[in-house]
Every structure is written in C-alpha cells, then in structure tokens.
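> Those protein sequences? They're chains A and B, same order as listed. All residue numbers for the first sequence refer to the numbering used here, where the first residue is 1 and numbers rise by one. All residue numbers for the second sequence refer to the numbering used here, where the first residue is 117 and numbers rise by one.
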Amino acid sequence: AQSVTQLGSHVSVSEGALVLLRCNYSSSVPPYLFWYVQYPNQGLQLLLKYTTGATLVKGINGFEAEFKKSETSFHLTKPSAHMSDAAEYFCAVSRAGGTSYGKLTFGQGTILTVHP
Amino acid sequence: DAMVIQNPRYQVTQFGKPVTLSCSQTLNHNVMYWYQQKSSQAPKLLFHYYDKDFNNEADTPDNFQSRRPNTSFCFLDIRSPGLGDAAMYLCATSRDRMGYSNQPQHFGDGTRLSIL
C-alpha cells in the first residue's frame, strides 16, 4: 500500500519569501511522485513530476522539488513567493508496475497563503 | 488547446432526484477518472475506465454509476443524491498502459454539486 503525508495543512509566507511545502510518502515499490496545485473552484493542475532520472525536478511557475529516497520525501520549494501562488497544493504518489493504471494517492493538501 | 471539459460547472438538484454530470476530453487519453472532493479534503477516487474496462473503488457507494460511451466522453450518474453527496466532482484523464503509471493526470475544472 502507498500513502502520502503532507506536513502542515496551512503554510503562510510573505511575498518574496521562500516557499517550502513538505511531502513524505510510503511505497513498497519505486514511486512516481507528483505535485498538483488547485486554485479556488478549479481542477488540479500539474506542477511537476518525478518518475526516474534526475532527483531535482523543475516545474512550472518557478517551483521545484527534490526526490530523496533515503528520507522518503518530495518537498516542494520556490525561492520567492508571489501573491499568485496562493492556492492549495497536493502531493500525490502513483505506483509503478502491477495493475494500478496510474491511480493516484493524494496527500491531504496544504493551503498556501501569501501575505503582501 | 486539448483539454478536459466538465459540464455544467455548477449543478443544483433536489434530494433524491437523479443527476448526471458529464466530462469530455480532446486529449485522446485511454484512461478516465472520476473523483469526489469535499471541502478542504483531497480528491477521492470513485472509479476509472481503462479504455472500456470499468474499475470501481471498493468504497464507492452503489448510488454512483458511470458510463463511457466512447473515448471522448464519460458520465457520472448519481441515482438518488443525498445531502452527503454535495461536493466538487472532478474528471481526469491520463495516457497509461498497464503497469506503467508515470503519466500525469489532466483534470477538468470540476462540477460543484449542491443538494437542496
């Protein structure tokens, strides 16, 4: 079975400050990892994904995440927050192999607030 | 632009009155998913189609049904909506083949269902 834990249901930063959203996963097989962003009353938009290869992954809107197998983590960062980054962020894992058909297991989400 | 389109964006129905939500895609993806998302929660997978192969989650209520008449369209039917079914319903698609789940899911903007 696989699971995702996002540490902190709410994160608040000032505009221009570092954004760090934490995600830890549990998976019995090599995971595929994703970060999605959701703005109010909209669907989920893919920010970035890790499948294989380079462990530092760059995504849209200046976000990046690093896969650390030893720490079972996939934290999302952005050097400088912008007001438009205020949204809810979901970390998700899917399982490689078997008959999972790419089913995602989501974390509970982290709401990011950006103060002027 | 290729996309996932959900109609309507907002749906109001009466307690116990059947309702159908629709999803269409121009991505030509072989997998389509339906999620239920309640306020401040992660999306919860209800079921998915791998091509025409229907896959129900074990805890999806019998009240929820789905149809996929062709690759482009998928419908969510709620036979007798209860107050607890008020939620955002998200449709997603992905291009997957069995055992390889590294492709991201593409989400529509959702249908927000209210029950009177």
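Beta carbons are placed, not taken as given, at the ideal position from N, Cα and C, and that holds for glycine. Computed from a predicted model, the values in this text were never measured in an experiment.
1. Indicate the three-state DSSP secondary structure (helix, strand or coil) for M204/B in the structure shown.
2. Which residues does DSSP pair with Q130/B in a beta bridge?
3. Is it true that the stretch 141–151 of chain B meets the stretch 181–198 of chain B, where meeting means three or more beta-carbon pairs spaced less than 8 Å apart?
4. What residues match up with G82/A in a beta bridge as DSSP calls it?
5. Can you list the residues of chain A that Q223/B reaches, using a CB-CB cut of under 9 Å?
6. Look at Q42/A and Y36/A and say whether their C-beta atoms are less than 8 Å apart.
7. Cβ closer than 8 Å: which chain B residues qualify as neighbours of T51/A?
8. Taking only runs that begin and end inside the stretch 13–86 of chain A, name each unbroken beta strand (DSSP E) of 3 or more residues, in chain order.
9. For the beta strand (DSSP E) that M148/B lies in, which residues bound it at each end?
10. Leaving aside the five residues before and after N218/B along the sequence, list all residues of the same chain whose C-beta is less than 8 Å from its C-beta, in chain order.
11. Near A202/B, what residues of its chain come up, given a Cβ to Cβ distance below 7 Å and the 5 sequence neighbours on each side ignored?
12. Can the beta-carbon of W150/B be found less than 8 Å from the beta-carbon of L199/B?
13. D175/B: buried (16+ other C-beta within 10 angstroms of its C-beta) or exposed?
14. Where does D85/A land, buried or exposed, given buried means 16+ other C-beta within 10 angstroms?
In short, the structure shows the following:
1. In the structure shown, M204/B sits in a strand (DSSP, three-state: E or B).
2. In the DSSP assignment, no residue is bridged to Q130/B.
3. Contact holds: three or more Cβ-Cβ distances are below 8 Å.
4. The sequence as given places His at residue 82/A; Gly does not occur at that position. Beta-bridge pairing by DSSP links H82/A to no other residue.
5. Correcting the residue type first, residue 223/B is Phe in the shown sequence and not Gln. Contact of F223/B with chain A by beta-carbon distance below 9 Å involves Y36, Q38, Q42, G43, L44, Q45 and L46.
6. No.
7. Chain B residues near T51/A: N218.
8. Complete beta strand (DSSP E) runs here, min 3: 19–26, 31–38, 44–50, 56–58, 64–68 and 73–78.
9. Membership of M148/B in the beta strand (DSSP E) is indicated by the continuous run V147 to Q153.
10. Apart from the 5 residues on each side of it in sequence, N218/B has no Cβ closer than 8 Å to any other Cβ in its chain.
11. Here the set comprises L229, S230 and I231.
12. No, they are not a contact pair.
13. It is exposed - the Cβ of D175/B has fewer than 16 other Cβ atoms within 10 Å.
14. Around the beta carbon of D85/A, a 10 Å sphere encloses 16 or more other beta carbons of the protein chains shown; the residue is thus reported as buried.
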